[in-house]
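Student:
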Amino acid sequence: MARDTAESDGGKNGGKRAFSGDYADNNTLLDRRSYLKLAGATTAAATAAAGAASASGDDYDVITARGQTIRLGNETWENKLIDVTGGGSITVVVEGAATIRNVGVEGLYQGSSFIFSITNTGGTVTFENVYIGDGANKRGESFVHGPGAIFYHRSANCRVEFDRMNVQGYPNNGFYCSNTAHGGSVHWTNCYGKNNGVTTFRTGSGRDTLENCVAYNDNTDYSTSYGRWGNYSESHGRPLWHWGNQTMTATDCNFAAGSYGAAAITHQNGRIVLDGGNISGGTQGRVDTSRAGSTPDLSIPDGVPTSAEAAASGSSGGSIEPRGDYEDLRHTYEFVAEGEDEPTDYYFEIEDGPIEPSTYNGATVEDDLMWISDDGTRAAGRVVDGRHAWEFDTNIIDATVEGPAHAVVNDVDSNLDRYPLSGATGDGWKGDMPWHDEEEADEPEEDDGDDEDDHEFEHTYEFVAEGEDEPTDYYFEIEDGSPIVPSTYNGATIEDDFMWVSDDGTRAAGRVVDGRHAWEFDTLLVDVTVEGPAEPIVNDQQSHLSRYPLSGATGDEWKGDMPWHTSGEHTYEFVAEGESEPTDYYFEIEDGSTIVPSTYNGATIEDDYMWVSDDGTRAAGRVVDGRHAWEFDTLLVDVTVEGPAEPIVNDQQSHLSRYPLSGATGDGWKGDMPWHDGDLDRTLLIDGVGASGKTKYEFVVSGDVEPTTDQGSSINDDTEIDGGHVTGTINGWRDAFSFSGDLESITIDGSARVSLDGERIDPSEYGDELPHILTVVGNGSPAAYDVSVDGRIETIAWDASSRHATVDSDGTASGEIEDGYHRFRYAGSITDLSFEEGTAFVYANSDRIDPDDY
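The numbering of the sequence shown is our numbering, which starts it at 368 and goes up by one.
(1) Alpha carbon to alpha carbon, what distance is there between Lys561 and Phe494?
(2) Which same chain residues end up closer than 7 angstroms to Thr921 when comparing Cβ atoms and leaving out the 5 residues on each side of it in sequence?
(3) By a C-beta neighbour count over all protein chains shown, 10 Å radius and 16 as the cutoff for buried, is Gly793 buried or exposed?
(4) According to DSSP, simplified to helix, strand and coil, what is Glu709?
(5) In the DSSP assignment, find the beta strand (DSSP E) that holds Ser1105 and state where it starts and stops.
(6) Using three-state DSSP, classify Pro1074 as helix, strand or coil.
(7) Leaving out five residues before and five after Asp642 in sequence, what residues of the same chain have Cβ atoms less than 6 angstroms from its Cβ?
(8) In whole angstroms, what is the alpha-carbon distance linking Val460 and Arg438?
(9) Cβ atoms of Glu946 and Val991: under 8 angstroms apart, would you say?
(10) Could you tell me whether the segment 458-476 touches the segment 496-508, where touching means 3 or more Cβ pairs closer than 8 angstroms?
(11) Between which two residues does the alpha helix (DSSP H) holding Ser680 run?
(12) Tell me the residue span of the beta strand (DSSP E) that contains Asn621.
(13) Taking 8 angstroms as the threshold (C-beta atoms), are Pro787 and Thr839 in contact?
(14) Counting pairs of Cβ atoms below 8 angstroms between the segment 1000-1007 and the segment 1043-1063, do you hit three or more?
(15) Does the count of Cβ pairs from the segment 524-533 and the segment 481-498 closer than 8 angstroms reach three?
(16) I think Trp802 touches Leu736, with their Cβ atoms under 8 angstroms apart; what is that distance to the nearest whole Å?
(17) Cα-Cα, which of Asp836, Phe529, Cys544, Asp1219 is closest to Arg521?
(18) What would DSSP say about Arg658, mapped onto helix, strand or coil?
(19) Give me, in chain order, the residues of the same chain whose beta-carbon lies closer than 7 angstroms to that of Asn546; leave out the 5 immediate sequence neighbours on both sides.
(20) Below 8 angstroms between beta carbons: does that hold for Glu723 and Trp757?
(21) Pick out the complete beta strand (DSSP E) segments inside the segment 927-983, 3 residues or longer, and give them in chain order.
(22) Can you list, in chain order, the residues of its chain whose CB lies under 7 angstroms from that of Ala1012, leaving out five sequence neighbours each side?
(23) Can you tell me whether Phe483 is buried or exposed, with buried defined as 16 or more other CB within 10 angstroms of its CB?
(24) What residue range does the beta strand (DSSP E) around Ser725 cover?
(25) Are at least three pairs of beta-carbons, each pair with one atom in the segment 663-671 and one in the segment 580-590, less than 8 angstroms apart?
(26) Of the choices Leu1028, His911, Thr744, Gly513, whose alpha-carbon is the least far from that of Asp1089?
(27) Within 10 angstroms of the Cβ of Thr650, are there 16 or more other Cβ atoms? Answer buried if so, exposed if not.
(28) Run through DSSP, which three-state label would Asp992 get?
(29) Under a three-way DSSP split, which group does Thr570 fall into?
(30) Quick check: what's the CA-CA separation for Leu396 versus Arg468?
(31) Can you look up Tyr786 in the DSSP assignment and give me helix, strand or coil?
(32) By the 10 Å Cβ neighbour count, where 16 or more other Cβ atoms means buried, how is Ser401 classified, buried or exposed?
(33) Using 8 angstroms as the threshold, is the C-beta distance between Phe954 and Ala986 below it?
(34) If you run the structure through DSSP and keep just helix, strand and coil, what is Tyr1210?
(35) Where does the unbroken beta strand (DSSP E) through Trp925 begin, and where does it stop?
(36) Count the other CB atoms, across all protein chains shown, that sit within 10 Å of the CB of Glu701; report buried if there are 16 or more and exposed otherwise.
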């Protein structure tokens, strides 16, 4: 399986990580010897559960693009196949120093925006072995150029390393990274791209580098469906385009222009140096080709993936130098006790096997003192005056060392304090190893419980609800080979009317109120569910319910239909199995009964997506690819279903056209449910009807946003949406948007009326964080200016300042101007204004200011 969220366990291991996850509680298990029998089943269940979200038989997760946004922090995100064949959008926002490894995007991308957007402001972002090479078109993106592959955001400030990338056929740049002009750097090695609109490699800083990369245009048809991408087509984009005013170097790279006018181009007085490699098709701007040849090798660099599946599975990632005895295992764990007479017992667990003993660093393999679980995820050993070593490929999630041996992971001290991590199976398996047999005393156990035919049961399970007025319903299941019997263990009460055992003796259930129930059995638990305040106790230890169900459990269908349950007369089901689109539903019944959620016909109870009114007569829910069910006694008076789910009443199709009936309270209560919080339920209208000339606008919302045709509004190609930041223009008409969250700021340049959720607003009341406008007006002669404020200063999106000026985080802006004007928004006061060359007119809000005054 993929190994999400990897991080160092305290040492510096040169980037070869074997650690992951968050802290998780241990699980107290039945007993040591019993758990060894259970271990194989436990991990098999975990593996099976994870596999349900993965491609069968392949070592990667499949993510279907449905318009979702995935946010990455300081973690490793690897072995993912992003399926865009259905036409959906997806955005992966890299907010931290993440490693993106072995990822493939499969299918022609017909969604919006960029697939990867980098906003991280510290550390290094790494992309390794990524395939985005099946092309894209403009079907899902209104912007003139369509969607792009990778975007380095204006707010980012970090180092980005791309290695073994394959990006082809994206309209709005393959690698859009020119914002490094404002901070950070981007470094490409062994990367391949072709036929990307606008450009394949777009750089912005002298710190940016390319090495052994290829970019060109040919006549490959990715099926654009929408013809040209703005001013570009599938075979018409710049292979290399350098922005900014610094010199960047491309080493041993190969570029070919194809049908485009140039293979390497500079912008804003920047310079490109080609150090080796080859280029054909000409250049524009300041490009030094004196050290490059003219016959480019356009073959794919070694190790670059050639398909999405190859990238996701890691099969295209090139060879990795083995650390020890096994070529396919990347990590080593050593337990070093050289010179120590006292024995050390150690135990460790990884996400996914195998674990293999190793002779790494001269370690000794001692079969009698080294142990591996059947599923290969756990290992243990005893070492005295020597060294043991192990090799494996996934992340460590638990490690325990009992004795003086020194633990070393990938040649770095192992930080044992950070374990266990999420996914660890607890301590129950530790301690009962073959080398312990000689040390254990064979002491008989006392029998504190009841017996059946004088049989002494190995395990007890109690449900303790003493002092609790609320009833607790519980259900549990064990492996075959033993009956479950009720017990008076620890003073428990046997209540025949509220205790049940299945015919085969492997499942039991009960209801306990202000008392204690107990059970005895011999085999291992495979499932436990507790609904209520009772405390579950297994073998006199707290039972950790989060670890169930295990392999062999028969599911939840049998739970809930017990003699002490009073079933409702009617059932209502909403069946959406196999449906990826959500269904919202609402129904109402007559007074005299309460609606309760049910597991009828295998339905799932989802507390976060099911709601009942305080009086119990109305219910609502949202179901996706599943089934909800409800029970009640009185008659239905209203039903509304919004989505593809099929409504079933008393096992018959429900005819919705007959509702509402007399007694229904109307539709006013429908729609405002907890799960609607993230919906685009707010509207913003920018209305320029009746105004003359063009009006530009810019606004920021805290959530998601999309254009709409509300009140006949147009959806324009020049509207740009980047997260919650929107810019656009209107000319005598109106634009409208639906969004979630809050309107944080809005700026109008021209004449327009603005309405928020149907109410007219004053744009000046929003975004007072930058309340002032600074304007620099050219006088026809070249000028270079610098201005500083004691607050924050930003360019205006549609203004020339956004293209020809630079803003630093310290409150300084600089630019060059001859004609026209540059405008900035700022907070605080102007502290410095100077011209390095020439002069221009400068205004603070509407007042002209003089550089000599600063």
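No residue lacks a Cβ here, since even glycine has one placed at the ideal position from N, Cα and C.
Tutor: Reading off the structure:
(1) Rounded to the nearest angstrom, the gap between the Cα atoms of Phe494 and Lys561 is 18 angstroms.
(2) Same-chain partners within the cutoff: Glu844.
(3) Buried is the label assigned to Gly793, since at least 16 other Cβ atoms lie within 10 Å of its Cβ.
(4) Reduced to three states, the DSSP call for Glu709 is coil.
(5) Start and end: 1101-1106.
(6) Assigned with DSSP and collapsed to three states, Pro1074 falls in strand.
(7) Counting only Cβ-Cβ distances below 6 angstroms, and skipping sequence neighbours, we find Thr616, Thr618, Arg658.
(8) Separation of Val460 and Arg438 (C-alpha to C-alpha, rounded to the nearest whole angstrom) is 5 angstroms.
(9) It is a contact, given that the beta carbons lie within the stated cut-off.
(10) The segment 458-476 vs the segment 496-508: in contact.
(11) Ser680 -> alpha helix (DSSP H) spans 675-680.
(12) Looking at the DSSP string, the run of the beta strand (DSSP E) that includes Asn621 is 621-623.
(13) The Cβ atoms of Thr839 and Pro787 do not sit closer than 8 angstroms to each other.
(14) Counting Cβ pairs under 8 angstroms, fewer than three are found: no touch.
(15) Segment contact: the segment 524-533 against the segment 481-498, three or more CB-CB distances shorter than 8 angstroms; contact assigned.
(16) Confirmed, about 6 angstroms.
(17) Measuring from the Cα of Arg521, the nearest candidate turns out to be Cys544.
(18) In the three-state reduction of the DSSP assignment, Arg658 falls in the strand class, which pools E and B.
(19) Answer for Asn546: Tyr519, His520, Arg521, Ala523, Gly571, listed in chain order.
(20) Taking 8 angstroms as the Cβ cut-off, Glu723 and Trp757 qualify as a contacting pair.
(21) Listed in chain order, the beta strand (DSSP E) elements of length 3 or more contained wholly in the segment 927-983 are 937-942, 950-956, 963-965, 977-979.
(22) Within the same chain, Ala1012 has close Cβ partners Phe941, Val942, Ala943, Glu946, Thr950, Tyr952, Val990.
(23) Phe483 counts as buried, since no fewer than 16 other beta carbons sit within 10 angstroms of its beta carbon.
(24) Where Ser725 is concerned, the enclosing beta strand (DSSP E) starts and stops at 723-725.
(25) With the cut-off at 8 angstroms, the segment 663-671 and the segment 580-590 touch.
(26) Of Leu1028, His911, Thr744, Gly513, the smallest CA-CA separation from Asp1089 is found for Gly513.
(27) So Thr650 counts as buried.
(28) Coil.
(29) Correct three-state label for Thr570: strand.
(30) Annotation note: pLDDT 25 at Leu396 (below 50); position unreliable, no value reported.
(31) Tyr786 falls in the coil class under three-state DSSP.
(32) Below a pLDDT of 50, predicted positions are generally treated as unreliable, and Ser401, at 28, falls in that range; the measurement from the model is reported next regardless. Burial state of Ser401 is buried, judged by a 10 Å Cβ sphere holding 16 or more other Cβ atoms.
(33) Yes, they are a contact pair.
(34) Per DSSP, reduced to three states, the secondary structure at Tyr1210 is strand.
(35) That residue, Trp925, is in no beta strand (DSSP E); it is neither H nor E in DSSP.
(36) With 16 or more other Cβ atoms within 10 Å, it is buried.
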